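By the count of full-length UniProt numbering, the sequence shown reaches residue 362 at its end, each step adding exactly one.
Every residue, glycine too, gets a C-beta built ideally from N, C-alpha and C.
As the structure is a computational prediction, the values presented were derived from the model and not from experiment.
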Amino acid sequence: MQDHAENDLSRAGRRVIQGVVRTHAPTGGAAEPLAADPGLDGLDLRIVSALQIEPRASWAKVGSVLGVDAVTVARRWNRLRAAGLAWVTAYEPGPAQGRLAVVEVECAGNPLEVADSLVGDQECQTLDLASGGRDLLVGVCAHDEVALADYLLKRLGTGPQIRAVRTQLVTSFVREAGDWRLGELPADQAARFTEHGAREPGAPVAPTGLERAVLAALREDGRMPATTIAARTDVPVRRAREVVQRLLRHRRVALWTDVARAKCGRSVQAWFFLQVPARRLAGVAARLARLDEARLVVTTVGTYNLAVCVWMRELADVTRLEARIEDGLEGVRIADRCITLRTAKRAGNLLDAQGRRTVRAS
Numbered sequence: 001m002q003d004h005a006e007n008d009l010s011r012a013g014r015r016v017i018q019g020v021v022r023t024h025a026p027t028g029g030a031a032e033p034l035a036a037d038p039g040l041d042g043l044d045l046r047i048v049s050a051l052q053i054e055p056r057a058s059w060a061k062v063g064s065v066l067g068v069d070a071v072t073v074a075r076r077w078n079r080l081r082a083a084g085l086a087w088v089t090a091y092e093p094g095p096a097q098g099r100l101a102v103v104e105v106e107c108a109g110n111p112l113e114v115a116d117s118l119v120g121d122q123e124c125q126t127l128d129l130a131s132g133g134r135d136l137l138v139g140v141c142a143h144d145e146v147a148l149a150d151y152l153l154k155r156l157g158t159g160p161q162i163r164a165v166r167t168q169l170v171t172s173f174v175r176e177a178g179d180w181r182l183g184e185l186p187a188d189q190a191a192r193f194t195e196h197g198a199r200e201p202g203a204p205v206a207p208t209g210l211e212r213a214v215l216a217a218l219r220e221d222g223r224m225p226a227t228t229i230a231a232r233t234d235v236p237v238r239r240a241r242e243v244v245q246r247l248l249r250h251r252r253v254a255l256w257t258d259v260a261r262a263k264c265g266r267s268v269q270a271w272f273f274l275q276v277p278a279r280r281l282a283g284v285a286a287r288l289a290r291l292d293e294a295r296l297v298v299t300t301v302g303t304y305n306l307a308v309c310v311w312m313r314e315l316a317d318v319t320r321l322e323a324r325i326e327d328g329l330e331g332v333r334i335a336d337r338c339i340t341l342r343t344a345k346r347a348g349n350l351l352d353a354q355g356r357r358t359v360r361a362s
């Protein structure tokens, strides 16, 4: 059974990378064709912006803040999700994520084929096909150092189509991609939503079986109703709701509202790899994390000690932002940079050639 599932996932990954998959796994159902893609208009962008701040806000609340009725908001969101244009997922923040690395891969063969072979791996959480001095940029996550080393050495280090691998071990997240905002709401409207990151810290504890099941449901759909979660986990609705609230309140689970990059006016994704004097690393990383364009800022150990992923509207913005960084941060060197040609997987979600979510893979 497991072999069949893995083969199915590999085939799905291959079709995604080749740009022909149009499937989406709806809550509680089998994959079905993606809905027609009409793009995102101004109201769509405001709805996504609202859910980036408060991912499980009620449609009544979103509609009240935006000045439209709840039915319209729900209909708009359901259309966006069915088309793979926007979605809410979940992840375990901080140390619970395990051990992470940003891995640059140079391919001896066709990068699309190498990406196809990796995209179904659970350890491969993000996979970009990139320009510059690497063909692939892989975000790797493993539960501990041994598992991470095994994946890097035995999986990435032995492929016949892989020429070279350069690994940057992640030491800290300064800004997580789930913290990035479209910024389509005026300040007074944004202030009416509750920031999902503003939660009570809790001591690290191992999740129970029920909590793991709830997390799996929220990874598929971060807005999954408590009634659906209860049915899946075979517990009362009240119990399911309490578990969701507890996981969020203690920041043991974080929700992330994401969007197809090309459909929200950010057609360019770039990575900057910096070399920063160690004594200045924390301050520089914090300043870069405040950039509106910054999606991800991580400190690393490797060839570079800081990696920054940004979303921008046009290619010329890359050079302009690079100049801003170097002019504003004396002594900081951008050692390398690359442009993402295509994202095949982001935070465990398979994406098609247009950047639309197709299936939740891992």
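Near the ligand FMN: residue i beta-carbon under 7 Å from a heavy atom
i    : result
V298 : Summarising the ligand content, the structure contains no ligands, and the ligand FMN is consequently not present.
Contacting residues, own chain, Cβ-Cβ under 7 Å from residue i (five flanking each side not counted)
i    : result
L281 : T299, N305, L306
Q275 : Y304, N305, R333, A335
A164 : E106
A142 : G98, R99, E123, L148, Y151
A190 : I53
D69  : G63
L169 : A101, T300, V301, G302
T167 : A101, V103, L152, G302
R266 : W311, M312, R313
W77  : I47
R175 : A289, A294, L296, V297
Pairwise C-alpha distance: residue j and residue i
i    : j    : result
R22  : L43  : At R22, the pLDDT of 36 sits below 50, so the modelled position is not reliable and the matter cannot be decided from this model.
A25  : T358 : With a pLDDT of 40 at A25, under the threshold of 50, the predicted position of this residue should be treated as unreliable, though the coordinate-derived value follows. Spanning the two alpha carbons is a distance of roughly 7 Å.
G331 : A231 : 57 Å
S288 : V88  : Checking the sequence, you will find Leu at residue 288 rather than Ser. Cα to Cα, L288 sits roughly 25 Å from V88.
R320 : W180 : 20 Å
A57  : G302 : 41 Å
L341 : R290 : 25 Å
G355 : V318 : 20 Å
A83  : V114 : 27 Å
D234 : L255 : 23 Å
R239 : G67  : 33 Å
F173 : T227 : 34 Å
G348 : R219 : 9 Å
R279 : V119 : 37 Å
Q245 : I325 : 40 Å
G132 : V268 : 15 Å
A344 : R134 : 15 Å
F272 : K61  : 38 Å
E322 : V284 : 14 Å
K138 : L156 : A quick correction: the sequence has Val, not Lys, at residue 138. The alpha-carbon atoms of V138 and L156 are separated by roughly 10 Å.
A286 : P236 : 43 Å
Range of the contiguous alpha helix (DSSP H) that encloses residue i
i    : result
D150 : 145-150
G42  : 42-53
D188 : 187-190
A60  : 59-66
Bounding residues of the beta strand (DSSP E) (the contiguous stretch that carries residue i)
i    : result
V174 : 162-175
Residues bridged to residue i [DSSP beta-bridge criterion]
i    : result
V140 : A101, C124
A130 : T340
R357 : L351
Own chain partners of residue i with C-beta closer than 6 Å, once the 5 adjacent residues on each side are dropped
i           : result
L247        : V253
R346        : T126
A108        : Q161, R163
E184        : L45, R46, S49
residue 363 : With the chain covering only 1 through 362, there is no way to say anything about residue 363.
V65         : Q189, R192
Cβ neighbours of residue i in the same chain (closer than 8 Å, five flanking residues each side left out)
i    : result
A30  : Only weak support exists for where A30 lies, its pLDDT of 38 falling under 50; the coordinates are left without a value.
C264 : L40, L45, V48, L182
E145 : R99
G159 : V114, S117
W59  : A70, V71, V73, A74, W77
Chain B contact for residue i (CB, 8 Å cutoff)
i    : result
V205 : Included in the structure is just one protein chain, with no chain B present.
Tell me the start and end of each unbroken beta strand (DSSP E) in the stretch 201-275 that is at least 3 residues and wholly inside, in chain order. 254-259, 268-275
Going residue by residue through the stretch 81-113, where are the continuous beta strand (DSSP E) segments of at least 3 residues, counting only ones entirely within it? 86-91, 99-107
Ignoring anything shorter than 4 residues or poking outside the stretch 287-353, list the alpha helix (DSSP H) runs there in chain order. 316-328
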